[in-house]
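Trainee: Please see the structure below; I have some questions.
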Amino acid sequence: MRLRALIRASPGILPSSPLQKLGTFKNPSTSNTAASSADASRSPSPLEAFASDPIFSAFLSPEFDSDRFSSQALSSGSVAALAESLQDAIRLIQSHLRMESSLRRSRLDLAEPRQVVRSHTIQLSNLHASADILASAARLLRFSRSHASCEISSHQALPSPDRLDLSKPAEMHHEIELLYQERGLSGISVVEDEIRWLSGIGTRLRTEAMKTVERGMDESNQNDICKYKGIGFKSIGAALDMKAISTSSAGFGPGGVFGPGVVQRSGTPQIGGRKRATDALWERMGKCMDELHKVVTADGDPPLTERVWEALVNTLARQIKSAFTASGFAKEAFTHGYPKLFSMIENLLERISHDTNVMGVLPALKPEGKEQLVAAINIFQTAFLMLCVNHLSDNVSSIFIVSNRGSIPSKEQISIIILCIQEEIEVVRMHGHLILLVLYEIGKVLLLLAKKAENQVNNFQQ
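The sequence shown begins at 1 in full-length UniProt numbering and counts up one residue at a time.
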């Protein structure tokens, strides 16, 4: 009793320890397990606290002498308090070690299943990709076999090579080339062997097509010219084929999920797949322009290009009109992206003019021919300008509400209209022809704005 009273009466005997301020030292059994684990995750480890403690820092020294520490404790006269402090420190270390052990065991228990799930996910992804490539390769090989059979049957049905029907072989050849490029089948040995064989077939088809149209021109045989025209513009139908776009944009969907294509049977993209379908449509249109350039400028024969140009433009106009009326998705994509479509046509015309420019020969493509091709996409130009007018007119009408008759539009509302006008001009600023048309439509909208503002002011005065 005297010893306890002496300790309570002499607080200066035992230095104040920061460990004594920890809640764990008071009664570890009464603390909440969840709260203690949360505090432990935020607080430093006991060893870090010991390093700053005047008593327990001695235990961390490599030169610690237990006999000397015991002798000093006995001579200090605070043996009981020091013993209790040591017991609290031991309990704290044991609690911390148990928590660390449980945490490491939990991490080990979770690490292995996580690694297994990650490994299986990668395997599943690789299996899906491999299955997709194998299916595409098998499809290409089937097309190749059908192509070979078609070649044999064409020669057997028409012994005379001058009268071969090249439309179907050319269409199949184009489909195989698209499949090879879009599905990334390069590097597969069996596919590469077929592609090398098909390259020779493609060269022969182009040569035969040129001979056919030359013979048709010489003999005034419209059927031969139509065969060439069909070969050259098979790519237009392929570029606007919604089923083909769905196949080319199939694969890993959002989040890496392997799924079907993004275009439904109706020609409308599935939810979340509109951007991929639009990108696929523009990619195929770019390849289509390359194919048209290759067909028209084959062998660098400007007179031949001039003579078949009208027939080719008519075919293009017919395909474009079909896309406008049959596919709402293609209509929307080409209407909103008409400046991009116009740029493709302009680029095609420039390339054809450059590649068929032969010194001493009349130009293969006259201004009238260029106007014919631009006129083929006028249906989308009209829709684009109408979209521009409707967009601006809606903004003008929104600031002149009937219920607010007599009120004057604010500066913010006028600024919104000006910003919309700037956006419409920015879209077509690289195309002189288009910017004039858009400015003309903007003039109509400004007249509408002035008329509505005048009526608003008159109503306000009344």
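Think of the CB as a built atom: it goes at the ideal place given N, C-alpha and C, for glycine as much as any other residue.
Nearest to I377 by alpha carbon, out of E346, E350, N390?
Mentor: Indexing the sequence shown from 1 puts residue 377 at position 377. Checked all of E346, E350, N390; the closest Cα to I377 is E346.
Trainee: State yes or no: is the C-beta of S144 within less than 8 Å of the C-beta of E194?
Mentor: For the purposes of this step, residue 144 is taken as residue 144 along the sequence shown, with counting starting at 1. For the purposes of this step, residue 194 is taken as residue 194 along the sequence shown, with counting starting at 1. Yes, Cβ-Cβ distance for S144 and E194 is below 8 Å.
Trainee: Please classify K321: does DSSP put it in a helix, a strand, or coil?
Mentor: Sequence index remark: in the sequence shown, residue 321 carries index 321 (1-based). Reduced to three states, the DSSP call for K321 is helix.
Trainee: At which residues does the alpha helix (DSSP H) containing A391 begin and terminate?
Mentor: The residue you call residue 391 lines up with position 391 of the sequence shown. Residue identity check: residue 391 is His in the sequence provided, not Ala. From DSSP, the alpha helix (DSSP H) with H391 extends over 378-398.
Trainee: If you draw a straight line from the C-alpha of R114 to the C-alpha of Q123, how long is it?
Mentor: Counting from one through the sequence shown, the residue named residue 114 turns up at place 114. Counting from one through the sequence shown, the residue named residue 123 turns up at place 123. Cα to Cα, R114 sits roughly 14 Å from Q123.
Trainee: So, for K452: in the same chain, excluding its five sequence neighbours on each side, which residues have a beta-carbon less than 7 Å away from its beta-carbon?
Mentor: Residue mapping note: residue 452 aligns to position 452 of the sequence shown, counting from 1. Excluding sequence neighbours, K452 sits near V396, F400.
Trainee: With a CB to CB cut of under 8 Å and the five nearest residues on each side skipped, what residues in its chain are close to H391?
Mentor: Residue numbering aside, residue 391 sits at position 391 when the sequence shown is read from its first letter. Excluding residues within five positions, the ones whose Cβ falls inside 8 Å are C420, E424.
Trainee: Which of the three DSSP states, helix, strand or coil, is assigned to S45?
Mentor: Against the sequence shown, residue 45 aligns to sequence position 45. Coil at S45, not helix or strand.
Trainee: Measuring CB to CB, does A330 end up less than 8 Å from L281?
Mentor: Working through the sequence shown from its first residue, we reach residue 330 at position 330. Working through the sequence shown from its first residue, we reach residue 281 at position 281. Contact: yes.
Trainee: Please classify Q381 as buried or exposed, where buried requires at least 16 neighbouring CB atoms within 10 angstroms.
Mentor: Counting from 1 along the sequence shown, the entry for residue 381 is found at position 381. It counts as buried.
Trainee: Give me the Cβ distance between P339 and V445, rounded to the nearest whole Å; I'm assuming they're in contact under 8 Å.
Mentor: Start at 1 with the first residue of the sequence shown, and residue 339 comes out as number 339. Start at 1 with the first residue of the sequence shown, and residue 445 comes out as number 445. Contact flag wrong, Cβ pair sits at about 19 Å.
Trainee: Is it right to say A333 is buried, meaning 16 or more other beta carbons lie within 10 angstroms of its own, or is it exposed?
Mentor: As a position in the sequence shown, residue 333 is number 333, starting the count at 1. Its Cβ being crowded by 16 or more others within 10 Å, A333 is buried.
Trainee: Could you give the distance in angstroms between the alpha-carbon of E112 and the alpha-carbon of H96?
Mentor: Within the sequence shown, residue 112 is the residue found at index 112, counting from 1. Within the sequence shown, residue 96 is the residue found at index 96, counting from 1. Those two C-alpha atoms are separated by around 25 Å.
Trainee: Between which two residues does the alpha helix (DSSP H) carrying I352 extend?
Mentor: The residue you call residue 352 lines up with position 352 of the sequence shown. Looking at the DSSP string, the run of the alpha helix (DSSP H) that includes I352 is 338-355.
Trainee: For I421, report the span of its alpha helix (DSSP H) as first-last.
Mentor: Taking the sequence shown and counting its residues from 1, the one referred to as residue 421 is at position 421. Here the alpha helix (DSSP H) through I421 covers 411-427.
Trainee: Confirm, please, whether the CB-CB distance from I352 to L341 is below 8 Å.
Mentor: For the purposes of this step, residue 341 is taken as residue 341 along the sequence shown, with counting starting at 1. For the purposes of this step, residue 352 is taken as residue 352 along the sequence shown, with counting starting at 1. Not closer than 8 Å, so no.
Trainee: How many Å lie between D279 and A450 at the Cα?
Mentor: By 1-based counting over the sequence shown, the position of residue 279 is 279. By 1-based counting over the sequence shown, the position of residue 450 is 450. Cα-Cα distance, rounded: 40 Å.
Trainee: Give the single residue among P62, V438, A58, R98 whose Cα lies nearest to the Cα of V389.
Mentor: Taking the first residue of the sequence shown as position 1, residue 389 is located at position 389. Nearest option by C-alpha distance: V438.
Trainee: Could you tell me the distance, in whole angstroms, from the CA atom of S393 to the CA atom of L385?
Mentor: Taking the sequence shown and counting its residues from 1, the one referred to as residue 393 is at position 393. Taking the sequence shown and counting its residues from 1, the one referred to as residue 385 is at position 385. Approximately 12 Å, taken between the alpha carbons.
Trainee: Would you kindly work out how many angstroms separate the C-alpha atoms of R318 and F324, rounded to a whole number?
Mentor: In the sequence shown, counting from the first residue as 1, residue 318 sits at position 318. In the sequence shown, counting from the first residue as 1, residue 324 sits at position 324. If I take the Cα positions, the gap works out to 10 Å.
Trainee: Using alpha carbons as the reference points, say which of R274, D109, V295, K168 lies closest to T207.
Mentor: Position 207 of the sequence shown, counted from the start, is the residue given in the question as residue 207. Of the candidates R274, D109, V295, K168, the one whose C-alpha sits nearest the C-alpha of T207 is V295.
Trainee: In its own chain, which residues sit with a C-beta less than 6 Å from the C-beta of W309, not counting the 5 before and 5 after it?
Mentor: Indexing the sequence shown from 1 puts residue 309 at position 309. Taken in chain order, the residues that qualify are G369.
Trainee: Rounded to whole angstroms, how far is the Cβ of S136 from the Cβ of R105, which I believe are closer than 8 Å?
Mentor: Taking the sequence shown and counting its residues from 1, the one referred to as residue 136 is at position 136. Taking the sequence shown and counting its residues from 1, the one referred to as residue 105 is at position 105. Their Cβ separation, rounded to whole angstroms, is 47 Å, which puts S136 and R105 out of contact at 8 Å.
Trainee: Do G432 and M344 have their C-beta atoms within less than 8 Å of each other?
Mentor: Taking the sequence shown and counting its residues from 1, the one referred to as residue 432 is at position 432. Taking the sequence shown and counting its residues from 1, the one referred to as residue 344 is at position 344. No, the Cβ-Cβ distance between G432 and M344 is not below 8 Å.
Trainee: So what does DSSP say about F334, is it helix, strand or coil?
Mentor: Here residue 334 is taken as the residue at index 334 of the sequence shown, counted from 1. The answer is helix: DSSP assigns F334 an H, G or I state.
Trainee: So for I55, helix, strand or coil by DSSP?
Mentor: Working through the sequence shown from its first residue, we reach residue 55 at position 55. It is coil, neither helix nor strand.
Trainee: Closest by CA to G202, which one among S186, K168, V190?
Mentor: Residue 202 sits at position 202 when you count from the first residue of the sequence shown. Nearest C-alpha to G202: K168.
Trainee: Mapping DSSP to helix, strand and coil, what is F64?
Mentor: For the purposes of this step, residue 64 is taken as the residue at position 64 of the sequence shown. The answer is coil: DSSP assigns F64 none of H, G, I, E or B.
Trainee: Please classify V257: does DSSP put it in a helix, a strand, or coil?
Mentor: For the purposes of this step, residue 257 is identified with residue 257 of the sequence shown, where counting begins at 1. Any reading at V257 is ruled out, since the residue's pLDDT is 35, under 50, leaving its predicted position unreliable.
Trainee: Quick check: L110 and L140, are their CB atoms within less than 8 Å of each other?
Mentor: As a first step, residue 110 must be located in the sequence shown, where it is residue number 110. As a first step, residue 140 must be located in the sequence shown, where it is residue number 140. Result no, Cβ atoms of L110 and L140 do not sit closer than 8 Å.
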